[in-house]
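>
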Amino acid sequence: MQNRKLVSTERAIRPRFCYTRNLGTPGKIEQFARLPATDKVVNYEKIDVIESKPVREPLELSLSLIQAVLESAADGIIAIAPESNIKIYNQNLVNLWRIPEEIMASRDWHAVLDFLVDSLKIPDIFLAKEKELSENPDLESNDFLELKDGRVFQCYSQPLRMEMQIVGRTYSFRDATAPWRVQEAIEYQAWHDLLTGLPNRDLYQKRLSQALAHSIPTKNKIAVMFLDLDRFKTINDTLGHTIGDRLLKQVGDRLTNCLREGDTIARWGGDEFTLLLPKLHSHQHVMAIAERILASLKPEFHIDGHQIHIAASIGIALYPTDGKDSQTLLKNADAALYRAKEQRCTYRLYAPDLNSQATELFALENSLHYALERKEFILYYQPQVDINTKNIIGVEALVRWQHPQLGMVSPNRFIPLAEETGLIVPIGEWVLRTACQQAKNWQNSGLPAIRIGVNLSARQFQEPNLVETIAQTLAQTGLRPEFLELEITETIAMRDVQLAKEVLGRLKEMGVQLSMDDFGTGYSSLNYLKTFPLHTLKLDRAFVRELTVDQHDLAIATAVITLGRGLELRVVAEGVETLEQLEVLRDLHCKEMQGYLFSPPLPVEKVTKLLEESMANDRTKSP
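Residue numbers (numbering that gives the first Met the number 0): 0 to 622.
#1: Using the Cα positions of I292 and L317, report the straight-line distance between them to the nearest angstrom.
#2: From A332 to S171, what distance separates their C-alpha atoms?
#3: Please state the DSSP three-state secondary structure of G594.
#4: Under 8 Å between the Cβ atoms of A362 and Y349?
#5: When you compare each of D137, T547, L538 and Y337 to Q580 by their alpha carbons, which one comes out closest?
#6: Three Cβ pairs or more, each shorter than 8 Å: is that satisfied between the segment 501-517 and the segment 475-491?
#7: Compare the beta carbon distance of E567 and L538 with 8 Å and say whether it is the shorter of the two.
#8: Rounding to the nearest angstrom, what Cα-Cα distance links E129 and Q153 in this structure?
#9: Check whether the segment 234-243 and the segment 465-476 are in contact - that is, three or more C-beta pairs closer than 8 Å.
#10: Measuring CA to CA, which of S409, E611 and A80 is closest to R168?
#11: Roughly how many angstroms lie between the CA atoms of I451 and I302, to the nearest whole one?
#12: For M286, which residues of its own chain have a beta-carbon under 7 Å away from its beta-carbon, when the five flanking residues on both sides are left out?
#13: Measuring CB atoms only, is the segment 272-288 touching the segment 336-344, in the sense that at least three cross pairs come out at less than 8 Å?
#14: From the DSSP secondary-structure annotation, give me the bridge partner or partners of M493.
#15: Just to confirm before moving on: does the CB-CB distance between R458 and I426 stay below 8 Å?
#16: Look at Q437 and Q593 and say whether their C-beta atoms are less than 8 Å apart.
#17: Am I right that V223 and L115 are in contact with their C-beta atoms under 8 Å? What's the rounded C-beta distance?
#18: Report all residues from its chain with a CB closer than 7 Å to the CB of F300; omit the five preceding and five following residues, and keep chain order.
#19: Decide if the segment 371-378 is in contact with the segment 391-406; the criterion is three or more beta carbon pairs, one per stretch, under 8 Å apart.
#20: Which value, in whole angstroms, describes the spacing of the CA atoms of R585 and H551?
#21: Extract the residue ranges of the beta strand (DSSP E) inside the segment 166-213, only unbroken runs of 3 or more that lie entirely within it.
#22: Applying the 10 Å Cβ sphere with the 16-neighbour rule, what's the burial state of Q475?
#23: How many Å lie between W190 and P198 at the Cα?
#24: Can you round the beta-carbon distance between Y203 and A265 to whole angstroms, since I take them to be within the 8 Å contact cut?
#25: Over the uninterrupted beta strand (DSSP E) stretch that includes V408, give me the two end residues.
#26: What do you get for N42, buried or exposed, if any count of 16 or more other CB atoms within 10 angstroms of its CB means buried?
#27: Sorted by chain position, which residues of the same chain lie with C-beta nearer than 7 Å to A417's C-beta, five sequence neighbours on each side aside?
#28: If you run the structure through DSSP and keep just helix, strand and coil, what is D531?
#29: CB-CB under 8 Å to P257, same chain, minus the five flanking residues each way: which ones, in chain order?
#30: Please report the distance separating the alpha-carbon of E134 from that of S71.
#31: What alpha helix (DSSP H) runs, 4 residues minimum, are completely inside the segment 254-317?
#32: According to DSSP, simplified to helix, strand and coil, what is A80?
#33: With a threshold of 16 other CB atoms inside 10 Å of the CB of D495, please say whether the residue is buried or exposed.
#34: Can you list the beta strand (DSSP E) stretches of 3 or more residues lying completely in the segment 525-580, in chain order?
#35: Among E183, V603 and P122, which one has its Cα closest to the Cα of N649?
#36: Less than 6 Å between C-beta atoms, sequence neighbours within five positions excluded: which residues of the same chain meet that for R540?
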């Protein structure tokens, strides 16, 4: 811009005015008024100072430096004028967002903004922030934007000021994908169980607190569940921790599939899971979900050639009836779980009396740790009878706990605790040693030499030194191996068939008698059964109880007895309580029986008396 008309003058006035060019670069206008001596304006000229070479060259250099600085920045930068046209930007912005050239050529911020929004995974957050910034021009923001392609950008925006006035807004974008993913991984590990991928205890408690805060005004019911896998420790010890870990992951997957959207399942620790069910309308609703969870675990799990059966116990507490804060609800759900574990494979809703029962169970577990050293365990013996001769041909050793305050504690109460705590191993060794010594004592006193049956727990069976422990016990007590009959359940044998074959084979070589207990209640393959070096099958009391009235039980009993005879095994029927049962079993050619019809489990003194009477009867029968 340059207009000049030269006139003669005596003096000149040069006022200057500032303006802004299109790209925000400043300019100055100088007006010349040339006045004669009369002080009247005779003409003027207007000059753009920037056009003058002394001013233009340094300014162009400054602008080049500014653009060079922008292009050297790692961030993508853009400046927007109030009327939404783009004042300046760098190439990193284009490269970072992969913006087409034609959009940038329009210099229209709205066109660029539409492209950016289309690239975002969750555009609503960015649009809400844009609305907030447009309504509050003096605000600054620092946000993270996740793109559909998985990248994450850090977006920093601040108002653009010149001479204390807001003349636009700047945005800078930085690729923060790598540090974002690192932080994301750290946060994930902090809130999730690394084995199963489920939320951990901390995240569960956080969500429970949030659910309670949200539920207070809406009056929705919330269910807090504790779920514990029944006999998982036995599986873990028998098959190894690798199999156990994979089982936990598969259990977590099945449980997740049972839940609704918005529910939470977390791994609380070990084999225990917690579930959070918000927005419930009735007790029936939570009971239906609990039943669905238990049903989901019934199909067997297939892991590395193993067919594994697992069940669970569930304790449930409901907000607000069973507690109005996280701590109370968790405590009461845990108390309900203790009750459910007494029966296994079931669920229980919290009731106020359960807290005292949970406290009692906790005290019982603590006492169990000292019961051996305090000599509180005793053995009872239940006779096994040959119904043809009516002689006692063997006894089964059954452990009892004589608690100093609680009296006689049922095995159904303390055996599961012993299995869970691992105390079943030293207790089992004590039972084995005491039973063998008692059998030898009877022989030394001149009583008939009979077999003594000792049950092996799953935990004992997987002990690497089991065979050596048994051999040492027999040597210390002086009992000959053929008078010891070790009983394992069908389930134990089938958990690891190869281990069962190896251990049972070594025991048979020693001369120990081997019996499969509770036969028919598990999932044995008959092909496997014939390979186990067994001497005895025990027909479970579950089939004996109703065999006189239930054709299915009678058919199973018939099949087991026939199978045993076909494999040249002794068959002992358990739980015989009536003469009718005895007669049916006799007709099926089962001659060895055990049950209350003959004798309940008795302390050693009473069994000794029975053996003495049996020996006396034999002498009177002799010619």
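Where a beta carbon is used, it is the ideal one built from N, C-alpha and C, also for glycine.
Answer, in terms of the structure:
#1: Going from the Cα of I292 to the Cα of L317 covers about 17 Å.
#2: Going by C-alpha positions, A332 is about 51 Å away from S171.
#3: DSSP, read as helix, strand or coil, puts G594 in coil.
#4: Against a cut-off of 8 Å, the Cβ pair of Y349 and A362 comes out as no contact.
#5: That would be T547, whose Cα lies nearest to the Cα of Q580.
#6: Yes, since at least three Cβ pairs between the segment 501-517 and the segment 475-491 fall closer than 8 Å, the two stretches touch.
#7: No. Outside cutoff.
#8: Taking the straight line joining both Cα atoms gives about 15 Å.
#9: The way I'd put it, the segment 234-243 doesn't touch the segment 465-476; fewer than three beta-carbon pairs between them come closer than 8 Å.
#10: For R168, the nearest C-alpha among the options comes from A80.
#11: Cα atoms of I451 and I302: separation of roughly 37 Å, rounded to the nearest angstrom.
#12: Answer for M286: no residue qualifies.
#13: No, they do not touch.
#14: Beta-bridge pairing by DSSP links M493 to no other residue.
#15: No, the pair does not count as a contact, with Cβ atoms beyond the cut-off.
#16: No. Outside cutoff.
#17: With 8 Å as the limit, V223 and L115 do not qualify as a contact, their Cβ atoms being about 44 Å apart.
#18: Scanning its chain for C-beta atoms nearer than 7 Å, with the 5 sequence neighbours on each side dropped, one finds around F300 the residues L246, Q249, I307 and I309, in chain order.
#19: A contact exists between the segment 371-378 and the segment 391-406.
#20: Each residue's alpha carbon lies about 18 Å from the other.
#21: Here no run is fully enclosed.
#22: With fewer than 16 Cβ atoms within 10 Å of its Cβ, Q475 is classed as exposed.
#23: When rounded, the separation of the alpha-carbon atoms in W190 and P198 is 6 Å.
#24: Confirmed, Cβ separation roughly 4 Å.
#25: Its beta strand (DSSP E) spans residues G406 to V408.
#26: With a pLDDT of 46 at N42, under the threshold of 50, the modelled position of this residue cannot be trusted; read the value that follows with caution. Exposed.
#27: L367, I423 and I426.
#28: Here the sequence assigns Phe to residue 531, which means Asp is not the residue at that position. Of the three classes helix, strand and coil, the one that applies to F531 here is coil, per DSSP.
#29: The question names Pro, but residue 257 is Cys in the sequence shown. Counting only residues of its own chain and dropping the five nearest sequence neighbours on each side, C257 has a CB closer than 8 Å to the CB of I288, R291, I292 and S295.
#30: Straight-line measurement puts the Cα of S71 at about 32 Å from the Cα of E134.
#31: Runs of the alpha helix (DSSP H) inside the segment 254-317: 282-295.
#32: Coil, per DSSP.
#33: Sixteen is the threshold: when 16 or more other Cβ atoms of the shown chains lie within 10 Å of the Cβ of D495, as they do, the residue is buried.
#34: Runs found: 535-538 and 569-572.
#35: Since the first residue shown for the chain is 0 and the last is 622, residue 649 is missing from the structure and cannot be characterised.
#36: Cβ contact annotation for R540 (same chain, cutoff 6 Å, sequence separation greater than five): E573 and G574, in chain order.
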